[in-house]
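Novice: One structure is given below, represented as C-alpha cells, and several questions about it will come after.
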Amino acid sequence: MLELFKDDFHSVIGTLYYIWKALNNCPEIVFLGNDRKAFDRYIEKLKIKFSDAELYNRKSEEVEIKISNYLAGRTPDIDLKPYFLTGSDFEKKIWLSTIKIPYGAAISYKELAQKAGFTRAWRAAGTALNHNPVMLIVPCHRVIKSSGEIGFFGRDTKIKEFLLNLENISKNKKIK
DNA sequence: TGCATGGCGCCGG
DNA sequence: ACCGGCGCCATGC
920 MLELFKDDFH
930 SVIGTLYYIW
940 KALNNCPEIV
950 FLGNDRKAFD
960 RYIEKLKIKF
970 SDAELYNRKS
980 EEVEIKISNY
990 LAGRTPDIDL
1000 KPYFLTGSDF
1010 EKKIWLSTIK
1020 IPYGAAISYK
1030 ELAQKAGFTR
1040 AWRAAGTALN
1050 HNPVMLIVPC
1060 HRVIKSSGEI
1070 GFFGRDTKIK
1080 EFLLNLENIS
1090 KNKKIK
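To convert, note that position 153 of the first sequence is 1072 in my numbering; the numbers rise steadily by one, no gaps.
Have a look at this one:
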C-alpha cells in the first residue's frame, strides 16, 4: 500500500503545498507547489491512478526547514529528492535533466531538450516543465528562453524572477 | 484519428 | 531592437 502525507506552510513566495513519502529517515517529495488548485487537482489524479493509496495530513519539519533555508539563500542545495508518481517517460526525462542544472546556472529550453535527448522538442520541453510536480526540487526556474528572456512560470512569473534573483542569475546573460 | 494547444526558436522586414 | 509568421514536438480531447 502506498502511504503519502500532505501539508502546507507559509514561505516568502507564498503558501507552499506539498505531498511527501517517508523513506527511512529521509522524506521524498511527490508534490511541491504554490497553486492550491494545482495541488487539489494533483491529489485527484493520484486517487485515480493509485486507488490503494492513503493520504494523511502530516507535516514534515525537515521538508519545510530545507525549503525555507533555500528560499532564504542559506543553502544552495535543497537536498530533497523527488519521487515521481505521475508523468510520461518524456516528461520524466525532461525533469531529470533539469535537476542536473546546478544552482546559479541557467540553460535554454532548447538546450534542455537536447540534454534530455530530444533535439527538436524544445517546445514540448516547455510544456513538460509546466507539468513539473515539484517546483524548486526540479529547478525549472533555471530554464529560460534562448533570447535571454526569462519565459513563463505557471501563472506566477514573479516567483521565477525571485528565484533567478535569489540565485544571482542575470536575465540577459545565461550561463552555460 | 486528427487537430488544437502550449513556460519555445528562428528568420525577415 | 521589435514584431509577425512559421516551424518544432509531446499531449489531450
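C-beta atoms are modelled at their ideal positions from N, C-alpha and C, and glycine is treated no differently.
Being a predicted model, the structure only gives us computed values, none of them experimental.
(1) Taking the alpha-carbon of Glu983 as reference, which of Trp939, Glu1068 and Phe1072 has the nearest alpha-carbon?
(2) Name the residue from Trp1041, Leu1031, Glu963 and Phe969 whose alpha carbon lies nearest to the alpha carbon of Pro1058.
(3) Just curious, the beta strand (DSSP E) that Val949 is in, first and last residue?
(4) Taking the beta strand (DSSP E) that Phe924 falls in, what are its first and last residues?
(5) Just reading off the alpha helix (DSSP H) that Thr1017 is part of, what are its end residues?
(6) Where DSSP assigns a beta bridge to Arg1074, which residues make up the other side?
(7) Just how far apart, CA to CA, sit Arg1088 and Ser930?
(8) Quick check: the region 964 to 980 against the region 994 to 1014, are at least 3 beta-carbon pairs closer than 8 Å?
(9) Classify Leu1082 as helix, strand or coil using the three-state DSSP reduction.
(10) DSSP has Val1062 in a bridge; who is on the other side?
(11) Using 8 Å as the Cβ pair cut-off and three pairs as the minimum, do the region 951 to 965 and the region 1006 to 1020 touch?
(12) Could you tell me the distance, in whole angstroms, from the CA atom of Lys964 to the CA atom of Gln1033?
(13) Going by beta carbon distance, what residues of the same chain come within less than 6 Å of Ile1013, once the five residues before and after it are set aside?
(14) Between the alpha carbons of Val1053 and Ile1078, how many angstroms are there, rounded?
Specialist: Checking against the coordinates, here is how it stands:
(1) Trp939
(2) Leu1031
(3) Cys945 to Gly952
(4) Glu922 to Ser930
(5) Asp1008 to Ile1018
(6) Phe1072
(7) Note on residue identity: the sequence assigns Ile, not Arg, to residue 1088. Between Ile1088 and Ser930, the C-alpha separation is close to 21 Å.
(8) yes
(9) helix
(10) Ile1026
(11) no
(12) 30 Å
(13) Ala1035, Ala1044 and Ala1047
(14) 14 Å
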